[in-house]
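The listed protein sequences derive, respectively, from chains E and X.
Just so you know, we're using the numbering used here here: the first sequence kicks off at 2 and counts up by one.
Just so you know, we're using the numbering used here here: the second sequence kicks off at 4 and counts up by one.
The beta carbon of each residue, even a glycine, is placed where N, CA and C say it ideally should be.
Structure first, then comments.
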Amino acid sequence: MHINLIAKREVKVGFRNPWSYSFMALFSLFSLGLLVIQSQSYMQGYTYTTGTMLNLILYLLPLMTMLLSSFSLTAEKEEGSWQLLSTYAMTTSSFLLGKYLGQAVVLISIVSFGYGLSGLAGALLGKSFSATTLLFLFVFSLCIILLFLGIALLIGALSRNRWQALTMGVSIWFFYILAWPTLLISLLSFVPYTWIKPILQVVTLLNPAEFVRVFSVARLGGGSIFGPEYYKWMYWVDSPLGDMCFVALCLAWIGVTLYIAIKAWERR
Amino acid sequence: MFLVPIGIRAAEGANNLQAMLDQARPGDTISIPEGDYEGPIQITKPLVLLAKGNVKLTNPSDEAAVTIQSDNVTIQGIKIVDKRVNSEDASLVIWGNQNVLEQIVIETMGTGIQLREANSNTLHNIQVIGKVKERGAGSDPGHDHSKHLTKGQETPKSNVIAQKGNGIDLYDSHQNRIIANQVTNAFDGIYVERSNGNEITQNHVEKSRYGYHFMGTSGSILAENTGSENVTGAMLMETTKAAVLGNQLLKQQKNPNSQGILLYEVTNSKLEGNQIEGNRVGLYLERSEGITVRQNQLKLNFIGMQLLNSRDNVLTENVFVSNVIQAQAQDSTTDRLDGNYWDNLQGLDVNGDARSDLPYEMNPFYLGLTDAVPPYQLFFQAPGFVFLEGLFTNGTGTTIRDAAPLMNPPEIRAHDVGGGSSWLTGILGALLLLGSGSIIYTGVRKQ
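Spelled out as structure tokens, the structure:
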């Protein structure tokens, strides 16, 4: 019950936040940009264009998610509304779950607006994405949003104010998106050769941006590009069981980050 | 016991066929009446065998269904069904010269046709269908070409599991013409070893390991063939003076060792006008010298071209379009490489010669890294890796580069971009827009 109320309040507050609209404008511009890129080239399967699009989305969406949502949580502390809310009989878990759902609705609306706009514009101008590509990009973005939203709430729970949240969000973004291969390559140079592959496989599961990307590339039929080392992995990812495990992995990620966020929130 | 009458009839047929051959004089033409026959058949003198209607030859023996040990034999229009498993001999074996095989269908559990010390034969319009079922794709992580070199020709293991054979297999056979044949589900579609001057044109190989496989050949011509969904389209190893012209190799991408065309220790050969599309790696050159690569189209491959340890090659007028990575090179510093078209080039043509004055550089970083530690291939096109690659490329000056890339592709082909389902996209877009709009509206307004 409380979850529902909190989620509704979150959606309302979310759309009164000017930040949401600036991100919406940015994302609409961005998805129109994707439309222009794709109209120059090919979109069937894993190509230069699809690879570039996935990367552009990976640059923008995690950062956007982490900033918007962690700010919404720190705002509760800074503006004192949590103190007010906590006088009611409400558990932390229902509060944070409500926040999660509300934020998810806000972010998904922003992304839908952007893709909807470029889909419609493309159709009107006669050089659109194919419907499957649009759907694929949308689902890919959805996964990124839902996974990074868990991280965002954790950041929000751990930070005292917006500045801390900003610092932490940008660091995590830098760590997961930009520095990830560099750090791993340098760290793995210290372990025995035979450990590299298993370690790499395990840590990939710890980076939502990576495992969503690898899964998406495999889904686009590009799994073989990761080489013989991962052949069995790709074969398995492509099976129905792979889908189920991917969903399970995503749910586990969201569950674990939310659980830690709830614990962290309660300790304050 | 109940099968006896049929057995007798079939045996009679077989006896008749072999008897007919035995009675015929060299140079005779024999019409084979429609019906089922049993092998094995031995042809030891110049004869012309023409099938009248459906002639089906089954092979209950352990020998090859048809063996030709003569010159100037012509066989036309028969169908061979061979159910032997893991046998050394192919369904049809030729030891002789100037023979002509036409319109033959072979269903086999092993190799379709073998040419052994056989020269100047013509194989035309033959269809070889491999009947060995694919084992689970997970059990065969593909084939590493570098290991292949040491193994030579693989002999089928004699265990219960049937091993695929080659479609058409040449050994020590020269100047043969292999034209317009089709091979499906074989080990190698057309396998040529230690054989020179063979001409292989207009064939089609699909769902096999290697489409066209040359080992230690000289003066081979591979022209206007097509290949799709093989592990590797065309593989040339330890070969010299080969001409690979106008072939179409599509969708070699499922296997982690897939390539469109692979050259390993190939010298003085040329690759021209090939269309290499949708492969894992379009064109792969390793330890090869004196290769001319001209006017090929490399499109929609995961990696367009990889060069390793190769030198003195000329690569020009090729078109690289929408490959995830266009080209990579390592230790191949002396290649001559200019005047190709790269569709992601940020070109600038100052003097109006239709060539960019900014070079197109190939990055050695990914190849070098994954060569040392293959598991790092997982970082292929990861956003952070692209970033890292950029850091390592800038200003190193040691990369392979196309010094004068073309500003426009040599010939502009009509591409079908998008289209078709645009109204569907429009509807989907409108739905998304409507959905988010209504959420925003109700979210903000509701009180």
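Check, Outcome
"Looking at the structure shown, is Leu-248 of chain X part of a helix, part of a strand, or coil, going by DSSP?", "strand"
"Output the distance between the C-alpha atoms of Trp-254 of chain E and Glu-211 of chain E, rounded to the nearest integer angstrom.", "13 angstroms"
"What are the residues in the region 12-24 of chain E lying within 8 angstroms of chain A by C-beta distance?", "Of the protein chains in the structure, E and X, none is chain A."
"Between which two residues does the alpha helix (DSSP H) holding Gln-202 of chain E run?", "194-206"
"Tell me whether Phe-130 of chain E sits in a helix, a strand or coil according to DSSP, three-state version.", "coil"
"Leaving aside the five residues before and after Leu-53 of chain X along the sequence, list all residues of the same chain whose C-beta is less than 6 angstroms from its C-beta, in chain order.", "Ser-34, Gln-79"
"On a Cα-Cα basis, can you pick out the residue from X:Gln-117, X:Tyr-215, X:Arg-283, X:Pro-386 that is closest to Leu-248 of chain X?", "X:Tyr-215"
"Kindly give me the distance between the Cβ atoms of Ile-46 of chain X and Ile-83 of chain X, rounded to whole angstroms, as I take these residues to be in contact under 8 angstroms.", "About 13 angstroms separates the two Cβ atoms, so there is no contact after all."
"What does the alpha-carbon distance come out to for the pair Glu-230 of chain E and Asn-228 of chain X?", "32 angstroms"
"Can you pull out the residues from the region 239-264 of chain X whose beta carbon lies closer than 9 angstroms to at least one beta carbon of chain E?", "Gln-256, Lys-257, Asn-258, Pro-259, Asn-260, Ser-261"
"Along the region 292-309 of chain X, what residues have a CB closer than 7 angstroms to any CB found in chain E?", "Leu-303, Phe-305"
"Rounded to a whole number of angstroms, what is the C-alpha to C-alpha distance between Gly-285 of chain X and Asp-239 of chain E?", "23 angstroms"
"At a CB-CB cut-off below 9 angstroms, which residues of chain X make contact with Ala-8 of chain E?", "Per Cβ cutoff of 9 angstroms: no residues; Ala-8 of chain E is ~10 angstroms from chain X at best."
"Pull up the CB-CB distance for Gly-127 of chain E and Thr-75 of chain E, whole angstroms please, since I reckon it's below 8 angstroms.", "So it is not a contact: roughly 45 angstroms between Cβ atoms."
"So which residues of chain X does Ala-132 of chain E contact, with C-beta pairs closer than 7 angstroms?", "Ser-424, Leu-427, Thr-428, Leu-431"
"At a Cβ cut of 7 angstroms, what residues of the region 173-206 of chain E count as close to chain X, listed as they run along the chain?", "Ile-178, Leu-179, Ala-180, Trp-181, Pro-182, Thr-183, Ile-186, Ile-197, Lys-198, Leu-201, Thr-205"
"According to DSSP, is Ile-109 of chain E part of a helix, a strand, or is it coil?", "helix"
"Is Gln-331 of chain X closer than 8 angstroms to Ile-294 of chain X when the C-beta atoms are compared?", "no"
"Which bits of chain X does Gly-256 of chain E rub up against, with CB to CB less than 8 angstroms?", "Chain X residues near Gly-256 of chain E: none, gap ~25 angstroms exceeds 8 angstroms."
"Counting only beta-carbon separations shorter than 8 angstroms, does Gly-52 of chain E have a partner in chain X?", "yes"
"What are the complete beta strand (DSSP E) segments, minimum 3 residues, inside the region 335-396 of chain X?", "363-365"
"What did DSSP end up calling Ala-14 of chain X once you bin it into helix, strand or coil?", "Residue confidence is low: Ala-14 of chain X scores 44 on pLDDT, short of 50, so the model does not pin down where it sits. Its coordinate-derived value is still stated next. In the structure shown, Ala-14 of chain X sits in a helix (DSSP, three-state: H, G or I)."
"Evaluate Glu-267 of chain E with the Cβ neighbour count: other Cβ atoms within 10 Å of its Cβ, from every protein chain shown; 16 or more gives buried, anything less gives exposed.", "exposed"
"Taking 8 angstroms as the threshold (beta carbon to beta carbon), is Val-213 of chain E in contact with chain X?", "no"
"Give me the chain X residues within the contact set of Phe-227 of chain E, using Cβ-Cβ distance strictly less than 8 angstroms, ordered along the chain.", "Pro-259, Gln-380, Leu-381, Phe-383"
"Along the region 87-105 of chain E, where does the CB come closer than 8 angstroms to a CB of chain X? Name the residues.", "none"
"Around the C-beta of Trp-174 of chain E, are 16 or more other C-beta atoms found within 10 angstroms, so that it is buried, or is it exposed?", "buried"
"Chain X partners of Leu-143 of chain E, CB-CB under 7 angstroms?", "Within chain X, no residue comes near Leu-143 of chain E; the closest Cβ sits about 11 angstroms away, beyond 7 angstroms."
"For Ile-279 of chain X, which residues in chain E fall below 9 angstroms Cβ to Cβ?", "Under the 9 angstroms cutoff, chain E gives no residues; its nearest Cβ is about 14 angstroms from Ile-279 of chain X."
"For Asp-191 of chain X, write down the residues that DSSP places opposite it in a beta bridge.", "X:Tyr-213"
"Just list the residues that DSSP pairs Asp-85 of chain X with in beta bridges.", "X:Thr-111"
"Quick one: what's got a C-beta closer than 6 angstroms to Met-218 of chain X's C-beta in the same chain, skipping five residues either side?", "Glu-196, Met-240"
"Can you give me the C-alpha to C-alpha distance between Val-131 of chain X and Ser-94 of chain X, rounded to a whole angstrom?", "10 angstroms"
"Using only the alpha-carbon positions, how far apart do Gly-103 of chain E and Arg-448 of chain X sit?", "15 angstroms"
"Looking at Phe-227 of chain E and Met-235 of chain E, is the spacing between their C-beta atoms short of 8 angstroms?", "yes"
"According to DSSP, Ser-231 of chain X sits in a beta bridge with which residue or residues?", "X:Glu-209, X:Leu-253"
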